[in-house]
Amino acid sequence: MLDWLHDCYFSAVAGDAPAFEAWPSHEHYMLHEYILALWGMPLGEMFDLEKLAKTCREKGRWSFFVTSAPNNCQGGVSSHGNAIAIF
7 MLDWLHDCYF SAVAGDAPAF EAWPSHEHYM LHEYILALWG MPLGEMFDLE KLAKTCREKG
67 RWSFFVTSAP NNCQGGVSSH GNAIAIF
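So the sequence shown is numbered by this note's numbering: it starts at 7 and just counts up by one.
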């Protein structure tokens, strides 16, 4: 997974689970270490991908612009998701 994410040049990743990776890890590393700390790649968790898929089906469109910005909280290390898909 690590090589695939790197080789495909993703600018961000997101999933619909509380964690983006399996726990406990079956590897000698955690994806978080690479995604966040080494690559500086934004990581989203708990995204409502079922609702997004339903909207895509209804519109007959599968490409869109996604934007998300964390809350500006001094000293914060995490923020709730506020992403939006623009069709």
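Virtual Cβ for every residue (Gly too), placed ideally from N, Cα, C.
With a cut-off of 8 Å on Cβ pairs, the stretch 24–31 is not in contact with the stretch 60–72, counting fewer than three such pairs. Under the 10 Å beta carbon count, I41 is surrounded by 16 or more other beta carbons and is classified as buried.
Annotation: the continuous beta strand (DSSP E) that includes A91 extends over 90–92.
Listed as beta-bridge partners of L49 by DSSP are V19. For the pair F26 and E51, the CB atoms are nearer than the 7 Å cut-off.
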